[in-house]
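The next block holds one structure in the form of structure tokens; read it before the comments.
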Amino acid sequence: CSFYPADAAREELEAYLAAHPEQDEALRSPYTVVRRGGTGFVAVPYREVYAQELGRAAAALRRAAAKIKHKGLRSYLDVRASSLLDDRHPVADEAWVRLIDSPLEVVIGPFEVYDDGVLGVKASYEAMLLAVNAEAGRNLAAIEAALPTFAASILCPSGSRPALGGMAPIVVVDELLAAGDGYAGILASAFNLPNDPGVRGNVGWKQVMIRNVMRAKFDTCSKVIADRVLAEQGATSFDAYFMFVLLHEIVHGLGPAYRADGRSVNVACARHHTPIEEAKADVGSFHLLLTMGGRHGIPRFDQRQLWSTVVGGLFRSIRFGMHEAHGRANLIKFNWLTEHQVIKVNAAGRYELHPEGGEAVIAELLDRLVGLQATGTPEELGAFLEQYGKPTPDLEGTVAGLTDVPIDIIPIFPVYRFCGQDQPLDLSVFEGK
Numbered sequence: 016c017s018f019y020p021a022d023a024a025r026e027e028l029e030a031y032l033a034a035h036p037e038q039d040e041a042l043r044s045p046y047t048v049v050r051r052g053g054t055g056f057v058a059v060p061y062r063e064v065y066a067q068e069l070g071r072a073a074a075a076l077r078r079a080a081a082k083i084k085h086k087g088l089r090s091y092l093d094v095r096a097s098s099l100l101d102d103r104h105p106v107a108d109e110a111w112v113r114l115i116d117s118p119l120e121v122v123i124g125p126f127e128v129y130d131d132g133v134l135g136v137k138a139s140y141e142a143m144l145l146a147v148n149a150e151a152g153r154n155l156a157a158i159e160a161a162l163p164t165f166a167a168s169i170l171c172p173s174g175s176r177p178a179l180g181g182m183a184p185i186v187v188v189d190e191l192l193a194a195g196d197g198y199a200g201i202l203a204s205a206f207n208l209p210n211d212p213g214v215r216g217n218v219g220w221k222q223v224m225i226r227n228v229m230r231a232k233f234d235t236c237s238k239v240i241a242d243r244v245l246a247e248q249g250a251t252s253f254d255a256y257f258m259f260v261l262l263h264e265i266v267h268g269l270g271p272a273y274r275a276d277g278r279s280v281n282v283a284c285a286r287h288h289t290p291i292e293e294a295k296a297d298v299g300s301f302h303l304l305l306t307m308g309g310r311h312g313i314p315r316f317d318q319r320q321l322w323s324t325v326v327g328g329l330f331r332s333i334r335f336g337m338h339e340a341h342g343r344a345n346l347i348k349f350n351w352l353t354e355h356q357v358i359k360v361n362a363a364g365r366y367e368l369h370p371e372g373g374e375a376v377i378a379e380l381l382d383r384l385v386g387l388q389a390t391g392t393p394e395e396l397g398a399f400l401e402q403y404g405k406p407t408p409d410l411e412g413t414v415a416g417l418t419d420v421p422i423d424i425i426p427i428f429p430v431y432r433f434c435g436q437d438q439p440l441d442l443s444v445f446e447g448k
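Taken in order, the sequence shown gives residues 16 to 448; the numbers are from our numbering.
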């Protein structure tokens with residue numbers, strides 16, 4: 016089942032919504048499918064469209080909960096099972112954010128809206144089973160405690176406001192299993208959930224760092240590509256990459272969440288929201304690394320190493336495609352840095368980095384992005400993406416020369432060999448994987 020009727024163009028849907036504001040909330044809900052009905056459109060809840068599948072998933076979660084000794088995890092699984100049946104996902108999201116001492120993270124439900132290329136609001140179902148590394152999380156406590164300081168450096172202009180709740184725990188995990196949207200296309204190396212601005216503002220969110228996935232992506236893709244395309248080779252660092260991704264997830268929770276008129280930024284920006292938000296998270300992360308390195312738990316990296324790691328990584332993400340949110344976000348960074356002479360192509364076709372003054376260039380781009388989130392019209396957002404979200408001929412040639420390098424990893428999870436066996440899962444088999 017698709018999110019919208021196959022013959023419904025975006026313009027038709029937007030015109031209908033403008034003429035029927037009483038249906039706006041239901042038709043734009045992340046948890047409804049839009050269908051034709053009568054002379055217009057109707058919203059059908061996910062719980063009805065996918066009743067059979069969700070019934071089986073909820074029953075499985077409840078069976079798992081019955082076998083779990085950890086009280087908090089058991090309670091959360093029961094609440095999450097209920098949310099699959101009644102679409103009260105924010106209730107389950109709140110329970111998940113509050114679950115901070117579990118040995119496992121179980122993420123299941125409709126979360127990300129990347130697949131909605133029409134209105135940019137419909138969420139896809141995904142599932143992830145993750146083993147928590149509590150010690151690694153504790154090592155990031157100083158960063159977690161500095162959230163108010165980070166928030167002060169990501170502006171909310173023109174009367175916009177953030178959605179800062181009381182909790183924002185950082186959890187370091189190894190992925191044991193991914194399914195649905197969590198195993199389709201580009202695999203997440205980290206995430207910041209939930210996306211619901213009400214939950215984020217009232218309770219908070221979690222930043223989850225998937226360490227084994229990050230390491231595999233860095234070794235297999237990012238490092239190889241950086242050494243291939245940058246003028247200076249061997250300058251990238253996994254530690255810098257990890258910190259960049261961590262701060263990316265933190266910045267997702269900062270900056271404008273609501274406009275001055277009360278509308279949430281994701282609704283106001285509609286289909287333009289995801290590439291702009293991904294660019295803001297990337298640029299905001301780089302801004303924090305450049306301005307706060309050596310403070311608040313953020314390591315001070317060698318500038319050559321930091322710039323090589325971040326810029327080298329954008330070539331990997333650009334390969335996701337200009338119509339994919341992360342790919343387009345990295346095109347924005349590339350074109351902005353090229354325009355400001357921070358990135359230059361040398362005679363050998365490799366990219367030289369000239370970071371002198373780069374801190375100000377990054378700060379200017381960050382201000383532009385949060386400004387668009389706070390006040391940008393659909394026309395302004397579209398024009399910005401049209402200007403900065405397209406590859407240059409040089410870049411297209413570079414990307415074309417990387418066909419022998421994997422675009423992403425496709426993990427084969429050892430947990431599958433335990434499926435169907437009525438025995439405890441021995442997590443020791445995943446150590447170091």
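Glycine residues also receive a C-beta, built at the ideal position from the N, C-alpha and C atoms. Predicted model, so just to flag it, every value in this text is computed and none were measured.
Item: Please check the pair Asp196 and Glu141, which I expect to be a contact at CB under 8 Å, by giving their CB distance rounded to whole angstroms.; Value: 4 Å
Item: So, does the stretch 402-419 touch the stretch 183-202, judging by three or more C-beta pairs under 8 Å?; Value: no
Item: When the Cα atoms are used, what is the spatial distance from Asn154 to Ile425?; Value: 29 Å
Item: List the endpoints of the continuous beta strand (DSSP E) containing Ala50.; Value: The residue you asked about is not Ala; residue 50 is Arg in the sequence shown. Note, Arg50: beta strand (DSSP E), Thr47 to Gly52.
Item: What three-state label does DSSP hand Asp437 in the structure shown?; Value: Reliability of the predicted coordinates at Asp437 is poor, the pLDDT of 44 falling under 50, and no value is obtained from them.
Item: In whole angstroms, what is the alpha-carbon distance linking Arg89 and Val266?; Value: 31 Å
Item: Please return the same chain residues whose Cβ sits closer than 8 Å to the Cβ of Leu100, not counting the five positions on each side in sequence.; Value: Arg62, Leu69, Gly70 and Ala73
Item: Quick check: the Cα distance between Gln67 and Ile291, rounded to an integer number of angstroms?; Value: 36 Å
Item: Straight-line CA distance for Val48 to Asp131?; Value: 11 Å
Item: Check whether the Cβ atoms of Ala389 and Cys171 sit closer than 8 Å, and answer yes or no.; Value: yes
Item: Nearest-angstrom Cα distance between Val325 and Lys84?; Value: 42 Å
Item: Among the candidates Met229, Gly328, Pro163 and Ala231, whose CA atom is the shortest distance from the CA of Gly268?; Value: Pro163
Item: Which of helix, strand or coil does DSSP assign to Gln356?; Value: coil
Item: Using DSSP with H/G/I as helix, E/B as strand and the rest coil, what is Gln222?; Value: strand
Item: To the nearest angstrom, how far is it from the Cα of Ala110 to the Cα of His338?; Value: 34 Å
Item: Specify the secondary structure class of Arg286 as computed by DSSP and reduced to three states.; Value: helix
Item: According to DSSP, simplified to helix, strand and coil, what is Met337?; Value: coil
Item: Span of the beta strand (DSSP E) holding Tyr140?; Value: Tyr140 to Val147
Item: Which partner residues of Asp189 appear in the DSSP bridge assignment?; Value: Ala146
Item: For Asn227, write down the residues that DSSP places opposite it in a beta bridge.; Value: Per DSSP, none; premise fails for Asn227.
Item: Quick one: does Ile123 have its CB under 8 Å from some CB of chain D?; Value: Included in the structure is just one protein chain, with no chain D present.
Item: Can you tell which of Gly55, Gly87, Phe126 and Asp39 has its C-alpha closest to the C-alpha of Thr289?; Value: Phe126
Item: Report, in whole angstroms, the separation of the C-beta atoms of Phe56 and Leu42, which I expect to be a contact under 8 Å.; Value: 6 Å
Item: Please work out which residues of its chain come closer than 8 Å, Cβ to Cβ, to Ala107, disregarding the five sequence neighbours upstream and downstream, and give them in chain order.; Value: Tyr91, Val94, Arg95, Ser97, Ser98 and Gly124
Item: Going by alpha carbons, who is nearest to Leu134 out of Ala285, Tyr273, Tyr31 and His263?; Value: Ala285
Item: By Cβ distance, which residues of its chain are closer than 6 Å to Arg319, with the 5 residues on each side in sequence left out?; Value: Ala250
Item: Anyone know if the C-beta pair for Leu385 and Ile169 falls short of 8 Å?; Value: It is Val, not Leu, that sits at residue 385 in the sequence shown. Yes, the Cβ-Cβ distance between Val385 and Ile169 is below 8 Å.
Item: For Gln438, does the count of other Cβ atoms within 10 angstroms reach 16, so buried, or fall short, so exposed?; Value: In this prediction, Gln438 scores a pLDDT of 45, lower than 50, which makes its location untrustworthy; the coordinate-derived value is nonetheless stated afterwards. Exposed, since its Cβ has fewer than 16 Cβ neighbours within 10 Å.
Item: Along the chain, where does the beta strand (DSSP E) containing Ala205 start, and where does it finish?; Value: Ala205 to Leu208
Item: Please report the straight-line C-alpha distance between Phe445 and Phe428, rounded to a whole angstrom.; Value: Residue placement at Phe445 cannot be trusted, given a pLDDT of 39 that sits under 50; what the coordinates show is reported in the next sentence. So the two alpha carbons sit approximately 10 Å from each other.
Item: Tell me where the alpha helix (DSSP H) around Pro105 begins and ends.; Value: His104 to Arg113
Item: Does the beta-carbon distance from Val218 to Gly180 come in below 8 Å?; Value: yes
Item: Could you tell me which residues DSSP pairs with Phe56 in its beta bridges?; Value: Arg51
Item: For Gly277, count the other beta carbons within 10 Å of its own beta carbon; 16 or more makes it buried, fewer makes it exposed. Which is it?; Value: exposed
Item: With a threshold of 6 Å on Cβ separation, who are the neighbours of Gly328 within its own chain once the five nearest residues in sequence on each side are excluded?; Value: Ser237
Item: Over the uninterrupted alpha helix (DSSP H) stretch that includes Leu92, give me the two end residues.; Value: Lys86 to Asp101
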